[in-house]
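Data block below; observations after.
Numbering (the numbering used here), first residue to last: 34 to 505.
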């Protein structure tokens, strides 16, 4: 099919855009680093994500360049908080790992931060939105890993507060990682903290009833267990969200239509007077049997789901109790669970201070140095002054020489970014998309989902991608 002049121009512009992003990715002065850039795999308001090779280990990684970090102090505080959480929680296999944070060559004026993550090809949201049908065993294995990660967070008294399919990353071996700790908080006292929860943060569909339309509220780790239940239901429901509310009132209406009207005892945990009044005004509803919603699902799975989706947060199981459910009988081993070390409160003292741009830049530099212990030790007792060579210009020239026709790769990296559609092949009992052939292997632990993506095959696909906002 012959292309029009407009189509040719669009493709050329797209390719130039990708080339420019690659050429400029490492432009700011950086300490000599060990990564060779491969492809641009994500772009958004935050900056750019590229896949790269660690030249020391040969491992593929994702490098996220967060641009203009210090333009907005609240956003800088959020990013710093997330970096600290991921450093202190990196011991668990179901939490995404930061492998490195590149050290800037100019300590006084750097404005971008480069974070190196393990490369995870996709997230659960993309799996659920694809044509793939997850088997019952895959759902059980993914849910088991999710609860293990949540249990570890909760032993550290960390509330994730934004668990949803987009924030659950998956690789070809069905390994699962929890990511995006931008809304996470830690409780350092014996009682849960009083936290300001605005109605527009986090995703409403996965928000616990006690948080809907609430502002100042006491909450516990049970908020994450509700979110886990919603994610579990979505997997059992073939990718259809259970409570896709349009607003707070609609969200409550959907919840009561399925779970039934809450009792007076349950309403004691609703602190917002308007929310409580609205719930009391609803007609009395009985709980809808889960067997009618999740037809053909494992009865043990539905029994666990019912425990997780309790209106009263005190009736929900802890992550440890959920792991001990009969549904995971042949998977759960108590000896394999690790307990997180307490988070040092002083590491998060910056959240309570009013910081200038220069002050928070120093805090970022100190956090970055945690990934460079050799330099950190050399600087003990110093004023964080150093002189380091930069290979940014050499890297930029090397990238330029490799730009011959490279196109944007179709896979997603950590952290979750909105990217172009992907091509799936599946193994085991996961159905195969695009008529690729499955490979038979035994056991869920050996199950594979091949999420390696292909290059964009024609200009029409490129044009379709260009029409999406930020590849969403």
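Idealized CB from N, CA, C, for every residue including glycine.
query: For residue 307, I'd like the list of residues in its chain whose CB is within less than 8 Å of its CB, leaving aside the five on either flank, ordered along the chain.; result: 246
query: Given 8 Å as the limit, is there contact between the region 235–244 and the region 151–163, that is, 3 or more CB pairs closer than that?; result: no
query: From what residue to what residue does the beta strand (DSSP E) around residue 83 run?; result: 80–87
query: Going by alpha carbons, who is nearest to residue 408 out of 135, 78, 333?; result: 135
query: Cα separation between residue 163 and residue 378?; result: 42 Å
query: Should residue 278 and residue 287 be called a contact, given that it needs their Cβ atoms to be closer than 8 Å?; result: yes
query: Answer yes if the region 164–171 comes into contact with the region 112–127, meaning at least three C-beta pairs across the two stretches below 8 Å, and no otherwise.; result: no
query: Excluding the 5 residues preceding and the 5 following residue 324 in the sequence, name in chain order all residues of the same chain whose CB lies nearer than 7 Å to its CB.; result: 335
query: Under 8 Å by Cβ, that's how I've got residue 396 and residue 383 pegged, so tell me the actual separation to the nearest angstrom.; result: 6 Å
query: DSSP three-state call for residue 49: helix, strand or coil?; result: helix
query: Between which two residues does the beta strand (DSSP E) harbouring residue 69 extend?; result: 68–77
query: Are the CB atoms of residue 147 and residue 94 nearer to each other than 8 Å?; result: no
query: Starting from the Cα of residue 381, find the closest Cα among 218, 289, 338 and give me that residue.; result: 218
query: Under three-state DSSP, which class holds residue 288?; result: helix
query: With 16 other CB atoms within 10 Å as the buried threshold, where does residue 320 fall?; result: exposed
query: With distance defined between alpha-carbon atoms, name the residue in 264, 105, 179 nearest to residue 197.; result: 264
query: Whose CA, out of 350, 46, 107, 82, lies closest to the CA of residue 388?; result: 107
query: In angstroms with no decimal places, state the Cα-to-Cα distance between residue 82 and residue 73.; result: 6 Å
query: Among 142, 211, 110, 71, which one has its Cα closest to the Cα of residue 124?; result: 211
query: Taking just the CA atoms, how far does residue 105 sit from residue 25?; result: A question about residue 25 goes unanswered here, because the residues of the chain that appear run from 34 up to 505.
query: If we count the other Cβ atoms within 10 Å of its Cβ and call it buried at 16 or more, is residue 194 buried or exposed?; result: buried
query: Which two residues bound the contiguous beta strand (DSSP E) that contains residue 307?; result: Note, residue 307: premise wrong, no beta strand (DSSP E); alpha helix (DSSP H) at 306–314.
query: Report the residue ranges of all alpha helix (DSSP H) runs contained in full by the region 95–133; include only those spanning at least 4 residues, in chain order.; result: 106–121
query: Suppose the cutoff is 7 Å on Cβ atoms and the five residues either side in sequence are ignored; what does the same chain contact list for residue 317 look like?; result: 294
query: Reducing DSSP to helix, strand and coil, say where residue 167 ends up.; result: coil
query: Kindly give me the distance between the Cβ atoms of residue 173 and residue 360, rounded to whole angstroms, as I take these residues to be in contact under 8 Å.; result: 7 Å
query: Is the beta carbon of residue 312 sitting closer than 8 Å to the one on residue 300?; result: yes
query: Please check the pair residue 262 and residue 342, which I expect to be a contact at CB under 8 Å, by giving their CB distance rounded to whole angstroms.; result: 4 Å
query: On the DSSP bridge list, what partners appear for residue 149?; result: 96, 133
query: Quick check on residue 395: does DSSP put it in helix, strand or coil?; result: helix
query: Buried or exposed: where does residue 271 fall if 16 or more other Cβ atoms within 10 Å of its Cβ makes it buried?; result: exposed
query: Could you tell me the boundaries of the beta strand (DSSP E) in which residue 203 lies?; result: 201–203
query: Given this structure, state the Cα-to-Cα distance separating residue 256 from residue 386, to the nearest angstrom.; result: 27 Å
query: Could you tell me the distance, in whole angstroms, from the CA atom of residue 111 to the CA atom of residue 50?; result: 29 Å
query: Could you tell me which whole alpha helix (DSSP H) segments of length 4 or greater appear in the region 324–371?; result: 332–341, 352–356
query: Around the Cβ of residue 187, are there at least 16 other Cβ atoms within 10 angstroms (buried) or fewer (exposed)?; result: buried
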